[in-house]
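Worksheet: the structure to be examined is printed underneath.
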Amino acid sequence: RTPMNGVIGVTHLLLQGELPAEARQLVELIGQSTQTLLALINDTLDYSRLEAGRMPVEKLDFDLRVTIDQIAGILHTLAGAKSLVFDARVNALVPSRLMGDPGRLRQVLMNLGSNAVKFTERGSVNLRVEREAENDDQVTLLFQLTDTGIGIEPQAVATLFEPYAQADASISRRYGGSGLGLAISKRLVEAMGGELGVDSTPGDGSTFWFRMKLEKQAVLVGSPAAP
Ligand code: ADP
19 RTPMNGVIGV
29 THLLLQGELP
39 AEARQLVELI
49 GQSTQTLLAL
59 INDTLDYSRL
69 EAGRMPVEKL
79 DFDLRVTIDQ
89 IAGILHTLAG
99 AKSLVFDARV
109 NALVPSRLMG
119 DPGRLRQVLM
129 NLGSNAVKFT
139 ERGSVNLRVE
149 REAENDDQVT
159 LLFQLTDTGI
169 GIEPQAVATL
179 FEPYAQADAS
189 ISRRYGGSGL
199 GLAISKRLVE
209 AMGGELGVDS
219 TPGDGSTFWF
229 RMKLEKQAVL
239 VGSPAAP
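Heads up, the sequence shown is in my numbering, so the first residue is 19 and it goes up one at a time.
See below:
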């Protein structure tokens, strides 16, 4: 990644200085292409780390609603740019103070959410979090990203989570992408002890979902009950 960061840094410096209009356009193009290439390198590194079983998953205290709000803010902007309606809802029964890896959770939600926006031309994208089970220590949550986009043919679903799989070559060329996002998301969810899948109807849209058990933060004796 270091050489890529070098190119990005130099591009920024060039853009800060005086440049003829045409040169500025070209340098901006270098900047955009570099970001795309960096994303591709990050995906490839993540995927090979997951395949080797070397993706560290953390167990940190985090607030689920804060994590969802951060993702919702970004997805709202992405959806708005395509005039799509976006809405995120966390069921009131879902506890917020959990333990897990909020960074990896964000990565999966961003992957599924940006795909939902990418493959939808009109209508809406929704993010839902529901509680499926709960005991004193743990809660099982179902995360769903639903879109009203192009959907996926049943025969393509079987290979969708394999690396570099793209449902339809002509469509994927139009939308761009590495074909690694879903393979990474599925393996990340599995590394966090969960499962990930999709229900889709071609022409109507898709729901990508994942189910995951998360530990609840311990409530200190004598402190007010956690939400
Ligand atoms: P990429 O988006 O980079 O091609 P992904 O692994 O994220 O790679 O997705 C693989 C393929 O799955 C996409 O190329 C597309 O064909 C299909 N796909 C993913 N998400 C959706 C969606 N929400 N609606 C329709 N097709 C989708």
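Note that beta-carbon positions come from the ideal geometry of N, C-alpha and C, so glycine has one too.
Between residue 95 and residue 164, the alpha-carbon positions lie close to 17 Å from each other. The C-beta distance from residue 146 to residue 159 rounds to 10 Å, too long to fall under 8 Å, and the pair is not in contact. Two segments are said to touch when three or more pairs of C-beta atoms, one from each, lie closer than 8 Å; by this definition the region 66-79 touches the region 205-225. The region 106-124 and the region 70-81 touch, with three or more beta-carbon pairs separated by less than 8 Å. Residue burial is scored here from C-beta neighbours: residue 97 has at least 16 other C-beta atoms within 10 angstroms and is therefore classed as buried. Per the coordinates, the alpha-carbon of residue 154 lies some 16 Å from the alpha-carbon of residue 230.
Here the C-alpha atom of residue 162 lies approximately 10 Å from the C-alpha atom of residue 107. In this structure, 169 is the residue among 35, 115 and 169 with its C-alpha nearest to the C-alpha of residue 221.
Contact check for residue 113 against residue 234 passes: the beta carbons are separated by less than 8 Å. Setting aside the 5 residues that flank it on each side, residue 213 is surrounded in the same chain by 207, 228 and 229, each with a C-beta closer than 7 Å to its C-beta; the list follows chain order. Within the chosen limit of 7 Å, the ligand ADP does not reach the beta carbon of residue 144 with any heavy atom. Look at residue 128 here: in three-state DSSP terms it is helix. In this structure, residue 102 and residue 143 form a Cβ contact; the two beta carbons are roughly 6 Å apart against a cut-off of 8 Å.
Per DSSP, residue 156 is one residue of the beta strand (DSSP E) stretching across 156-165. Note: residue 123 is not bridge-paired with any residue in the DSSP secondary-structure output. Residue 140 and residue 20 have their C-alpha atoms some 39 Å from each other. Taking the Cα of residue 104 as reference, the smallest distance to any Cα among 132, 85 and 200 is reached at 132. Residue side-chain check: residue 97 keeps its Cβ at 7 Å or more from all non-hydrogen atoms of the ligand ADP. For residue 115, DSSP records a beta bridge to 81. Look at residue 144 here: in three-state DSSP terms it is strand.
Assignment of residue 22 by DSSP, reduced to helix, strand and coil, places it in the helix class. Listed as beta-bridge partners of residue 225 by DSSP are 164 and 217. Per DSSP, residue 75 lies in no beta strand (DSSP E) segment and is marked neither H nor E. Boundaries of the alpha helix (DSSP H) around residue 175: 172-175.
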